[in-house]
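Here the structure comes first, spelled out in structure tokens, and everything after it is commentary.
Protein chains: 2
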Amino acid sequence: MQRIKNDHLSQMPSRYRAQLINSISGFKSASLIGTCDAENVRNLAIFSSVIHLGSNPAYIGFISRPDSVKRHTLNNIKRTQQFTINHVSEDFWQAAHQTSAKYLESECEFSQTGLNPQYIEGVLPPFVEESQLKYALKLTDIMSISHNNTYLVVGEVTDILCAEEAIKADGYIDIESLHTVTITGLDSYHRTQRLSRLTYATPSHPVSTLNLNGELADDS
Amino acid sequence: MQRIKNDHLSQMPSRYRAQLINSISGFKSASLIGTCDAENVRNLAIFSSVIHLGSNPAYIGFISRPDSVKRHTLNNIKRTQQFTINHVSEDFWQAAHQTSAKYLESECEFSQTGLNPQYIEGVLPPFVEESQLKYALKLTDIMSISHNNTYLVVGEVTDILCAEEAIKADGYIDIESLHTVTITGLDSYHRTQRLSRLTYATPSHPVSTLNLNGELADDS
Numbered sequence: 003m004q005r006i007k008n009d010h011l012s013q014m015p016s017r018y019r020a021q022l023i024n025s026i027s028g029f030k031s032a033s034l035i036g037t038c039d040a041e042n043v044r045n046l047a048i049f050s051s052v053i054h055l056g057s058n059p060a061y062i063g064f065i066s067r068p069d070s071v072k073r074h075t076l077n078n079i080k081r082t083q084q085f086t087i088n089h090v091s092e093d094f095w096q097a098a099h100q101t102s103a104k105y106l107e108s109e110c111e112f113s114q115t116g117l118n119p120q121y122i123e124g125v126l127p128p129f130v131e132e133s134q135l136k137y138a139l140k141l142t143d144i145m146s147i148s149h150n151n152t153y154l155v156v157g158e159v160t161d162i163l164c165a166e167e168a169i170k171a172d173g174y175i176d177i178e179s180l181h182t183v184t185i186t187g188l189d190s191y192h193r194t195q196r197l198s199r200l201t202y203a204t205p206s207h208p209v210s211t212l213n214l215n216g217e218l219a220d221d222s
Numbered sequence: 003m004q005r006i007k008n009d010h011l012s013q014m015p016s017r018y019r020a021q022l023i024n025s026i027s028g029f030k031s032a033s034l035i036g037t038c039d040a041e042n043v044r045n046l047a048i049f050s051s052v053i054h055l056g057s058n059p060a061y062i063g064f065i066s067r068p069d070s071v072k073r074h075t076l077n078n079i080k081r082t083q084q085f086t087i088n089h090v091s092e093d094f095w096q097a098a099h100q101t102s103a104k105y106l107e108s109e110c111e112f113s114q115t116g117l118n119p120q121y122i123e124g125v126l127p128p129f130v131e132e133s134q135l136k137y138a139l140k141l142t143d144i145m146s147i148s149h150n151n152t153y154l155v156v157g158e159v160t161d162i163l164c165a166e167e168a169i170k171a172d173g174y175i176d177i178e179s180l181h182t183v184t185i186t187g188l189d190s191y192h193r194t195q196r197l198s199r200l201t202y203a204t205p206s207h208p209v210s211t212l213n214l215n216g217e218l219a220d221d222s
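Chains R and S are the protein sequences, given in the same order. Residue numbers 3 to 222, in our numbering, belong to the letters of the first sequence in order. Residue numbers 3 to 222, in our numbering, belong to the letters of the second sequence in order.
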């Protein structure tokens, strides 16, 4: 097993280091974030840093770099206080990746990639019509991570749109059945295959498998 | 497609809402975080919130709840300023899930679950011997997310241990070949199957597939 030390890391070519460090955090979510500016010009950008922060209230966050292509997203959220998060699926993962190209502010990622905007009453920014699980958020906070000039954007979920059959009896959503993909590193996309759901762990009992509805599986 | 509004969310039974909201952020990383206290008593806990924050310096973060079972992890990191992150793989995903049981501070998750601690020179907390990709971090910051009393723990990577054959020519690590798993919701585990790596996106060219080494694939 190879050991890579910190001083070795700092001497690596920056693109090699970026690939390496982007790989070690594990599997990542694949989401398109939809926003619009004050003139309703829409923007769409892929993010792999969407993360659960809490269920009550329902807080979801993502990491934004102010000096990257994703600044349109951050600026729009600051202006309108709203954004949408749309799961990327096997049906459009290449188009989703294409949104990371450095388009001009006047160029629309929807028309450039062939994805379709979708609007619902009460939500200003666009959803992605093709996405089978998507939700709207209102801005709660933009927290500066001063150590490397990034931001944790925190939003509260206001509306969820989801294919009904994917929502199971106990509230678990089978995102694998929606063909949501996952990302590794900077550019690798993966489908998944469920091993199992597991029971809530307690010190006195080894974990058992659950079926999709969150019930003890027949073989337990 | 079902629309779930915010006022519906707040009326849900809390466990149903927790399952639902934990599902919408997409696929999550599966990591065991190793720590020790001032007396070298070790602790191991599973987290699905490990996230990439930056490559130069190499910053990785995770979300901690102060009043959950994971407080041992946070307290230990405050004391020793170090922790390890270990990829969870298909070889030990059930044992990894079992670490989420509320063991007493005096009970060791390693002996309770059968996982083996591993130590290297210069790093106080334990690694998980069974893990094929693991790294040590020194504490950079603990940022309070005051809205829901959680914390973003930020660490700088000091040492990476990785099976050498998984590190590709351009620095990308093929974590799928290491059988690293991914999590959805609170309790579902998944293996993956690569769709492809893709080229860096530019406005003028549609994305093309890359091979594992980050080179243009033969069919491009």
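Virtual Cβ for every residue (Gly too), placed ideally from N, Cα, C.
By alpha-carbon distance to Phe112 (chain R), the top candidate from R:Arg193, R:Ala47, R:Pro15 is R:Ala47. In this structure, Ile185 (chain R) lies away from Ile65 (chain R), with their beta-carbon atoms at least 9 Å apart. A distance below 9 Å separates the beta carbons of Gln4 (chain S) and Glu166 (chain R).
The Cβ-Cβ distance between Leu188 (chain S) and Val159 (chain S) does not fall below 9 Å. Cβ contact annotation for Leu200 (chain S) (same chain, cutoff 8 Å, sequence separation greater than five): Val209, Ser210, Thr211, Leu212, in chain order.
In terms of beta-carbon proximity, Cys164 (chain R) lines the interface with chain S, with at least one pair separated by less than 9 Å. One thing to note: Asp143 (chain S) has its Cβ no nearer than 9 Å to the Cβ of Leu126 (chain S). In this structure Ile62 (chain S) touches Gly157 (chain S) by the C-beta definition: roughly 6 Å separates them, less than 8 Å.
Annotation: Cβ neighbours of Tyr18 (chain S) in chain R (cutoff 7 Å, chain order): Asp172, Gly173.
Shown here for Asp161 (chain R): same chain residues with a beta carbon closer than 8 Å to its own, the five before and five after excluded, namely Ile122, Gly124, Val125, Tyr137, Ala138 in chain order. Along the segment 73–107 of chain S, going in chain order, the ones with a CB nearer than 9 Å to a CB of chain R are Ile87, His89, Val90, Glu92, Trp95, Gln96, Ala97, His99, Gln100, Thr101, Ser102, Ala103, Lys104, Tyr105, Leu106. Within the same chain, Tyr61, Ile62, Gly63, Val156 come within 8 Å of Leu55 (chain R) by CB-CB distance, once the 5 residues on both sides are set aside. Per the coordinates, the alpha-carbon of Lys7 (chain R) lies some 14 Å from the alpha-carbon of Ser57 (chain S). Look at Ser33 (chain R) here: in three-state DSSP terms it is strand. Pairing Ala32 (chain R) with Gly28 (chain S) gives a Cβ-Cβ distance under 9 Å.
Here Ala47 (chain R) is bridged, per DSSP, to R:Ile35.
According to DSSP, residue pairing for Ile79 (chain R) in a beta bridge does not occur. Arg17 (chain S) sits in a helix when the DSSP states are folded into three classes. For Thr184 (chain R), there is no enclosing alpha helix (DSSP H); the enclosing beta strand (DSSP E) has its first and last residue at 184–186. In the three-state scheme derived from DSSP, where H, G and I count as helix and E and B as strand, Thr201 (chain S) is classed as coil. Secondary structure of Ile177 (chain R) (DSSP, three-state): coil. Neighbours of Arg44 (chain R) in chain S, taken as residues at a C-beta separation under 7 Å, are lacking, since the least C-beta distance is about 17 Å.
Assignment of Thr160 (chain S) by DSSP, reduced to helix, strand and coil, places it in the strand class. Within a 10 Å sphere around the beta-carbon of Asp172 (chain R) sit 16 or more other beta-carbons, which makes this residue buried. In chain order, Leu11, Ile23 make up the part of chain S whose C-beta sits under 7 Å from the C-beta of Ala60 (chain R). Counted as a single uninterrupted DSSP element, the stretch harbouring Phe94 (chain R) is not any alpha helix (DSSP H), since DSSP gives it neither H nor E. Annotation for Cys110 (chain R): Arg44 place their beta carbon closer than 7 Å to its own, counting only its chain and skipping 5 residues before and after.
A residue is called buried when at least 16 other Cβ atoms come within 10 angstroms of its Cβ; Asn24 (chain R) meets this threshold and is buried.
At a Cβ-Cβ threshold of 9 Å, Pro205 (chain S) and Gln96 (chain R) do not count as neighbours. The Cβ atoms of Arg196 (chain S) and Tyr191 (chain R) lie closer than 9 Å to each other. Taking a contact as a CB-CB distance under 8 Å, the pair Thr152 (chain R) and Ser91 (chain R) does not count as one, their CB atoms being some 27 Å apart.
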